[in-house]
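J.:
Numbering (full-length UniProt numbering), first residue to last: 1 to 442.
(1) Pull up the distance between the alpha-carbon of residue 192 and that of residue 165, whole angstroms please.
(2) For residue 123, name the three-state secondary structure that DSSP assigns.
(3) Just reading off the alpha helix (DSSP H) that residue 214 is part of, what are its end residues?
(4) Is DSSP giving residue 64 helix, strand or coil here?
(5) Which whole-angstrom value is the C-beta distance of residue 121 and residue 145, which I expect to be below 8 Å?
(6) Straight-line CA distance for residue 38 to residue 214?
(7) Can you find a heavy atom of the ligand NAD that lies under 7 Å from the Cβ of residue 101?
(8) Starting from the Cα of residue 62, find the closest Cα among 70, 188, 94 and give me that residue.
(9) Using a threshold of 8 Å, state whether the C-beta atoms of residue 175 and residue 201 are closer than that.
(10) Since residue 222 and residue 242 should fall inside the 8 Å C-beta cutoff, what is the C-beta to C-beta distance between them, to a whole number of angstroms?
(11) Drop a sphere of 10 angstroms on the beta-carbon of residue 90, count the other beta-carbons inside from all chains shown, and report buried for 16 or more, exposed for fewer.
(12) Helix, strand or coil for residue 34? Go by DSSP, reduced to three states.
(13) Return the chain-ordered list of same chain residues with a C-beta closer than 6 Å to the C-beta of residue 345, the five sequence neighbours on each side being excluded.
(14) Please classify residue 332: is it buried, with 16 or more other beta-carbons within 10 angstroms of its beta-carbon, or exposed?
(15) Less than 6 Å between C-beta atoms, sequence neighbours within five positions excluded: which residues of the same chain meet that for residue 304?
(16) For residue 376, does the three-state DSSP call read helix, strand or coil?
(17) Should the region 394-402 be regarded as contacting the region 411-426, the criterion being three or more beta carbon pairs within less than 8 Å?
(18) Return the CA-CA distance between residue 22 and residue 367, expressed in angstroms with no decimal places.
(19) Nearest-angstrom Cα distance between residue 379 and residue 245?
(20) Using a Cβ distance threshold of 8 Å, determine whether the region 128-148 contacts the region 106-117, with at least three qualifying pairs required.
(21) From 183, 102, 247, 161, pick the residue whose C-alpha is nearest to that of residue 301; which is it?
(22) Can you tell me whether DSSP reads residue 344 as helix, strand or coil?
(23) Determine which residues share a DSSP beta bridge with residue 150 and list them.
(24) Counting only beta-carbon separations shorter than 8 Å, does residue 89 have a partner in chain C?
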């Protein structure tokens, strides 16, 4: 079959399959300014007009366009270097563009030229702006189609005032990779349309808890959220309870030599499906605070819970009792407490009836056989009770007592009930290991 006889959909599928991201480095490292080799633009000029037209109108071509501007290589005026990129982006016409721009050691005047040349005239739906050792590159006023924005700022350059961002009525996702302390004035940060965001993520740097809680109370539409929180000493309780009715996934990394319970207690999350809390050794997070949040939120849809915390013991029964829909739980804690009746309730499905995967912190060697027996009893119970799920995976840390016998019991349990069982020695239980160490896997 001739190329011209192929249906349009097939040609576009072929092109999409082989299409890769377009990366443009500016200024050019070639001796002759304004010339480029090996780019997609040059390649397209060599093919037939029909193929070129199809390629330029295939959205996959514009899903990953990267521009890297390094002022240290500059041999020609900034506007000359950027015209090549401008011409390439112009070929997208009305097709939405996913654009990443990384700038290195550029001046304020060059930032203005980049904004004017690359950000002011195109239909950009996904934008990643990275500024390294230079002033802050931010979106321009032509941001009405912008749905996803990632801002990154790094290096020694300090910006006195957080810039006022343009109107972004379509913005749904915001990712920030910057240090709040690089800004003396954060007033404009509150002007971001937080109320319309569905996804908010912090990367790299911890932000103060008071600032983040003030932001969160504006985020009523959030569905996914990842926060790096630095607790402020003396800040014990937020003024208002924060209710996020649409939030389904929350990741909290909390770091400070202080108690984090007030953060946990401030949140009411009725539709949460996944909760991940990480708190290093110096930070205090109590089981009671999490249980209070669970009771206030209901947690009828919470299926995945992870608590990574190395100091306080965790009451396994209290947590599981407050999260009835859980399918997976990970408790990387200092000590897992099984109060009388907890393992019996696990085996009967009275707590955690939907649990299939469980990873728990340090257990005593005496508790391991009791746990394995509960796993087997639950497996048998699930055969006759449809509302109870048998375990598919169990992993725990132990203090090392009776380790050889427990390993043999775990192997027999896994083979008998067709599930994965992992018993590991906690490095904390060894006298020659510092408390900050994590695991010694057998």
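For glycine and all other residues, C-beta sits at the position ideal for the given N, C-alpha and C. Computed from a predicted structure; not experimentally measured.
T.: Let's see:
(1) Here residue 192 refers to the residue found at position 192 when the chain shown is read from its first residue. Here residue 165 refers to the residue found at position 165 when the chain shown is read from its first residue. Between the C-alpha atoms of residue 192 and residue 165 there is a straight-line separation of about 7 Å.
(2) One-based indexing of the chain shown puts residue 123 at position 123. Of the three classes helix, strand and coil, the one that applies to residue 123 here is coil, per DSSP.
(3) Against the chain shown, residue 214 aligns to sequence position 214. According to the DSSP assignment, residue 214 belongs to the alpha helix (DSSP H) that extends over 209-216.
(4) Working through the chain shown from its first residue, we reach residue 64 at position 64. In this structure, residue 64 counts as coil in the three-state DSSP scheme.
(5) As a working note, residue 121 is residue 121 in the chain shown. As a working note, residue 145 is residue 145 in the chain shown. The Cβ separation is near 12 Å, so there is no contact.
(6) Here residue 38 refers to the residue found at position 38 when the chain shown is read from its first residue. Here residue 214 refers to the residue found at position 214 when the chain shown is read from its first residue. Note that residue 38 scores a pLDDT of 40, beneath 50, so its modelled location is shaky; the value from the coordinates is reported in the next line. Going from the Cα of residue 38 to the Cα of residue 214 covers about 49 Å.
(7) This structure lacks the ligand NAD, and indeed carries no ligand of any kind.
(8) Position 62 of the chain shown holds residue 62. The option with the nearest alpha carbon to residue 62 is 94.
(9) In the chain shown, counting from the first residue as 1, residue 175 sits at position 175. In the chain shown, counting from the first residue as 1, residue 201 sits at position 201. By the CB criterion at 8 Å, residue 175 and residue 201 fall inside the cutoff.
(10) Translated into positions along the chain shown, residue 222 becomes position 222. Translated into positions along the chain shown, residue 242 becomes position 242. No, residue 222 and residue 242 are not in contact; Cβ-Cβ is about 11 Å, not under 8 Å.
(11) Within the chain shown, the letter at position 90 stands for residue 90. Counting Cβ neighbours within 10 Å, residue 90 comes out exposed, since fewer than 16 surround it.
(12) Your numbering for residue 34 matches position 34 in the chain shown. Confidence at residue 34 is low in this model, with a pLDDT of 44, below 50, so its placement is unreliable and the value that follows should be read with caution. Three-state DSSP puts residue 34 in coil, outside helix and strand.
(13) Within the chain shown, numbered from 1, the residue matching residue 345 stands at position 345. Short of 6 Å from the beta carbon of residue 345, and not among the five residues preceding or following it, lie these beta carbons of its own chain, in chain order: 351.
(14) Position 332 of the chain shown, counted from the start, is the residue given in the question as residue 332. Residue 332 is buried by the Cβ-count criterion.
(15) To locate residue 304, count along the chain shown from 1; it is residue 304. 274, 328.
(16) Here the question's residue 376 lines up with position 376 in the chain shown. Helix at residue 376.
(17) Flag = yes, the region 394-402 and the region 411-426 touch.
(18) Sequence index remark: in the chain shown, residue 22 carries index 22 (1-based). Sequence index remark: in the chain shown, residue 367 carries index 367 (1-based). A direct Cα-to-Cα measurement between residue 22 and residue 367 gives close to 57 Å.
(19) Position 379 of the chain shown, counted from the start, is the residue given in the question as residue 379. Position 245 of the chain shown, counted from the start, is the residue given in the question as residue 245. Rounded to the nearest whole angstrom, the C-alpha separation of residue 379 and residue 245 is 36 Å.
(20) Three or more Cβ pairs drawn from the region 128-148 and the region 106-117 lie within less than 8 Å of each other, which places the two stretches in contact.
(21) Taking the chain shown and counting its residues from 1, the one referred to as residue 301 is at position 301. Nearest of 183, 102, 247, 161 to residue 301, Cα basis: 247.
(22) Indexing the chain shown from 1 puts residue 344 at position 344. Three-state DSSP puts residue 344 in a helix.
(23) Taking the first residue of the chain shown as 1, we reach residue 150 at position 150. Note: residue 150 sits in a beta bridge opposite 128, 175.
(24) The structure shown contains no chain C; it holds only a single protein chain.
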